[in-house]
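K.L.:
This structure is in structure tokens; I'll ask about it shortly.
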Amino acid sequence: MTEVILYPLSVLTDSPVQVVEPKTMDSSFGGLSNYLYYCALPPGVSTTETLEIGLSAMPKTRREPRESPCLTTRELYDPEISGRIAQQLAKMHTLQLPLSKEPNWIWETMRKWALIIATDITPSSKCPACPAFPKQDPGANQDFFQFIKRIDLDAEITWLKAALLSVDSPVVFGHNDLQEGNILIERGEDAKISRLAFIDFEYCSYNYRGFDLANHFCEWMYNYKVDHPPYFSNTPANYPSVQSQLHFLRNYLEALGKEKASRSATSSFTSTKLDSGQVDESGSRERMYSEEELRKLLSEVDVFQLASHLFWSMWSCVNAVSSNIPFGYWDYAVCRAEAYLTHKQKIQRKLDAEQLASTKSPQAGKSVADVDSSTTIDLNPMKENSRASTGGSWAARQANGPDFA
Numbered sequence: 018m019t020e021v022i023l024y025p026l027s028v029l030t031d032s033p034v035q036v037v038e039p040k041t042m043d044s045s046f047g048g049l050s051n052y053l054y055y056c057a058l059p060p061g062v063s064t065t066e067t068l069e070i071g072l073s074a075m076p077k078t079r080r081e082p083r084e085s086p087c088l089t090t091r092e093l094y095d096p097e098i099s100g101r102i103a104q105q106l107a108k109m110h111t112l113q114l115p116l117s118k119e120p121n122w123i124w125e126t127m128r129k130w131a132l133i134i135a136t137d138i139t140p141s142s143k144c145p146a147c148p149a150f151p152k153q154d155p156g157a158n159q160d161f162f163q164f165i166k167r168i169d170l171d172a173e174i175t176w177l178k179a180a181l182l183s184v185d186s187p188v189v190f191g192h193n194d195l196q197e198g199n200i201l202i203e204r205g206e207d208a209k210i211s212r213l214a215f216i217d218f219e220y221c222s223y224n225y226r227g228f229d230l231a232n233h234f235c236e237w238m239y240n241y242k243v244d245h246p247p248y249f250s251n252t253p254a255n256y257p258s259v260q261s262q263l264h265f266l267r268n269y270l271e272a273l274g275k276e277k278a279s280r281s282a283t284s285s286f287t288s289t290k291l292d293s294g295q296v297d298e299s300g301s302r303e304r305m306y307s308e309e310e311l312r313k314l315l316s317e318v319d320v321f322q323l324a325s326h327l328f329w330s331m332w333s334c335v336n337a338v339s340s341n342i343p344f345g346y347w348d349y350a351v352c353r354a355e356a357y358l359t360h361k362q363k364i365q366r367k368l369d370a371e372q373l374a375s376t377k378s379p380q381a382g383k384s385v386a387d388v389d390s391s392t393t394i395d396l397n398p399m400k401e402n403s404r405a406s407t408g409g410s411w412a413a414r415q416a417n418g419p420d421f422a
């Protein structure tokens, strides 16, 4: 859990100096592993100017001076917003930082958590005092605890690593926690999106590309704006459809191509490139990605769902006995563990089938889009499913789409 240390904020007003202290701040802005506070003057105080330097940088804190709401789970289905998230994520994935480029963070973190769960969390472990569960029976979480303890986490991590390495996902600088609460949106007077920003970078590191993409898709299923225990809801049907995934991944690959082109724009070869691709002699634009690349990315994301589920299940176990944030950590740990085990069966069958096919035919492992063999995937963006194209279809999606209760 991230500790937040807040110091009084002095602001310049027309009246005597006002001090805003932590006890007067609104802390109802979410945060599952840290505390988020909204800092503002009390009602009725006239402000000439707020001193930006009034709140200094303190250890273990971060200040986001923005008057922007974070997204809701429902908004992730908006094709415009989804496309903007994909483009922003692509830009982040091209960052080159003076850090180790080895993807060790995820494995070291999971191994550390597995050790804590195996040695430090026992049936007698009590959750810290939490206003959300003031009269909780110490044994209320025994079923959840026993479920988790039956899972050999070390063995699962070993199996998971082998499964992830089989899809050869590139290592990039990732956010690693791109849920709706960590995305701020700003709109202009015309209600159009003027800016979209990521926040909460405590889990950032070099990691597999597939983790960031799959983790974001998994977050479509979970709503954390629930005002009663366990303070989240899980709707598996809300996982993005294949067409919604393709819409996101097209935007991601297109933005990725633009970023790479802009970085090499000084050469005479790349100077002929346009923002959305190259133009051939007939005047048509060439996409910056191939259909095969799109298919492989779709399959990569499918396998990396496993990493998201197991990672956050273990995270939740550790927080269950260390955090006093009002959230059903044990409920969430089991929810994500069940999702991991269910999806593992599917991926295991797929990997076994591909391995068997590869021994029979050198051409056999090339179909990587994980969908029913009877389903046709249209990768042509000009024929894209209407839910990812027009505002009208977005309204229809809200009327007929998944339940976000």
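Under my numbering, the first residue of the sequence shown is numbered 18, with each subsequent residue one higher.
Ideal placement from N, C-alpha and C gives every residue a C-beta, glycine not left out.
These numbers come from a predicted model, not from an experiment.
#1: What residue ranges within the segment 343–384 form continuous alpha helix (DSSP H) runs of no fewer than 4 residues, ordered along the chain?
#2: Going by beta carbon distance, what residues of the same chain come within less than 7 angstroms of K118, once the five residues before and after it are set aside?
#3: Answer yes or no: do Y241 and N251 have a C-beta to C-beta separation smaller than 7 angstroms?
#4: For the alpha helix (DSSP H) containing L323, list its first residue and its last residue.
#5: One question on the structure: do Q196 and E236 come within less than 7 angstroms of each other, judged by their Cβ atoms?
#6: State the DSSP-derived secondary structure class of E219, mapped to helix, strand or coil.
#7: Go through its chain and collect everything with a Cβ distance to K361's Cβ below 7 angstroms, but skip five positions before and after it.
#8: If you run the structure through DSSP and keep just helix, strand and coil, what is G191?
#9: Out of curiosity, what's the CA-to-CA distance linking S211 and W329?
#10: Which complete alpha helix (DSSP H) runs does the segment 199–263 hold, if anything under 4 residues is left out?
#11: Can at least three beta-carbon pairs, one atom from the segment 103–114 and one from the segment 273–281, be found at a separation below 8 angstroms?
#12: With a 10 Å radius around its C-beta and 16 neighbouring C-beta atoms as the bar for buried, classify S141 as buried or exposed.
#13: Express the C-alpha separation of V318 and I342 in angstroms, rounding to a whole number.
#14: Would you mind giving the Cβ-Cβ distance between I174 and A131, rounded to the nearest angstrom? I have them listed as a contact below 8 angstroms.
#15: Going along the chain, which residues of its own chain have a beta-carbon closer than 8 angstroms to the beta-carbon of F234, five neighbours each way excluded?
#16: For N158 and N336, what's the separation of their Cα atoms in angstroms?
#17: Inspect the beta-carbon positions of T248 and F344 and report whether they are closer than 7 angstroms.
#18: Can you list, in chain order, the residues of its chain whose CB lies under 6 angstroms from that of S99, leaving out five sequence neighbours each side?
#19: Suppose you measure from the CA of M127 to the CA of Y225; what does that come to, to the nearest Å?
#20: If M331 and L170 are in contact, beta carbons under 8 angstroms, what's the gap, nearest whole angstrom?
#21: Apart from the five residues on each side of it in sequence, which residues of its chain come closer than 6 angstroms, Cβ to Cβ, to P246?
#22: To the nearest angstrom, how far is it from the Cα of I202 to the Cα of L106?
#23: Going by beta carbon distance, what residues of the same chain come within less than 6 angstroms of A214, once the five residues before and after it are set aside?
#24: Taking the alpha-carbon positions, what's the S186 to V338 distance?
#25: Residues in the same chain with beta-carbon distance under 6 angstroms from D348, minus the five sequence neighbours each way, listed in chain order, please.
#26: Short of 7 angstroms in beta carbon distance, which residues of its chain neighbour A350, apart from the five on each side in sequence? Order them along the chain.
#27: Quick check: the Cα distance between W122 and A370, rounded to an integer number of angstroms?
#28: Rounded to whole angstroms, what is the Cα-Cα separation between H326 and R353?
#29: Cβ of N199 within 7 angstroms of Cβ of I216?
#30: Over the uninterrupted alpha helix (DSSP H) stretch that includes K129, give me the two end residues.
#31: Does the distance from the C-beta atom of Q104 to that of A356 stay below 7 angstroms?
#32: Locate the alpha helix (DSSP H) running through R101, then write down its first and last residues.
#33: How long is the line joining the alpha carbons of K377 and K367, rounded to whole angstroms?
P.N.:
So, from the data block:
#1: The qualifying runs are 346–377.
#2: Excluding residues within five positions, the ones whose Cβ falls inside 7 angstroms are V188 and Y223.
#3: Taking C-beta atoms as the reference points, Y241 and N251 fail to come closer than 7 angstroms.
#4: From DSSP, the alpha helix (DSSP H) with L323 extends over E308 to A337.
#5: E236 sits close to Q196, with the two beta carbons spaced by under 7 angstroms.
#6: Here DSSP, grouped into helix, strand and coil, assigns E219 to coil.
#7: Closer than 7 angstroms at the Cβ level, and outside the excluded window around K361, lie L323.
#8: If DSSP states are grouped into helix, strand and coil, G191 belongs with the strands.
#9: So the alpha carbons of these two residues sit roughly 32 angstroms apart.
#10: Within the segment 199–263, the complete alpha helix (DSSP H) runs of at least 4 residues are 226–236.
#11: Contact between the segment 103–114 and the segment 273–281 is present, because at least three Cβ pairs lie under 8 angstroms.
#12: Per the 10 Å Cβ criterion, exposed.
#13: Rounded to whole angstroms, I342 to V318 spans 31 angstroms at the Cα level.
#14: Contact holds; Cβ gap of about 6 angstroms.
#15: Leaving aside the five residues that flank F234 on each side, the residues in its chain whose CB is nearer than 8 angstroms to its CB run, in chain order, Y256, P257, Q262, F265, V318 and Q322.
#16: Looking at the two C-alpha atoms, the distance is approximately 13 angstroms.
#17: The sequence shown places Tyr at residue 248, not Thr. Their beta carbons are under 7 angstroms apart, which means Y248 touches F344 by this criterion.
#18: Answer for S99: F265, listed in chain order.
#19: Approximately 15 angstroms, taken between the alpha carbons.
#20: With a Cβ gap of about 7 angstroms, M331 and L170 count as contacting.
#21: Sequence-distant Cβ neighbours of P246 in its own chain, meaning closer than 6 angstroms and more than five residues away, are G345.
#22: Straight-line spacing of the CA atoms in I202 and L106 works out to 14 angstroms.
#23: Excluding the 5 residues flanking it on each side, A214 has same chain C-beta neighbours closer than 6 angstroms at L201, in chain order.
#24: Approximately 34 angstroms between the Cα atoms of the pair.
#25: Hits under 6 angstroms: P247.
#26: The beta carbon of A350 sits closer than 7 angstroms to those of F161, I165, S330, S333, C334 and A337, all from its chain and outside the five residues before and after it, given in chain order.
#27: Going from the Cα of W122 to the Cα of A370 covers about 31 angstroms.
#28: Looking at the backbone, the Cα of H326 and that of R353 are separated by about 5 angstroms.
#29: Closer than 7 angstroms, so yes.
#30: First-last of the alpha helix (DSSP H) with K129: W122 to T136.
#31: Taking 7 angstroms as the cut-off, the Cβ atoms of Q104 and A356 do not count as close.
#32: Where R101 is concerned, the enclosing alpha helix (DSSP H) stretches over P96 to H110.
#33: Looking at the two C-alpha atoms, the distance is approximately 16 angstroms.
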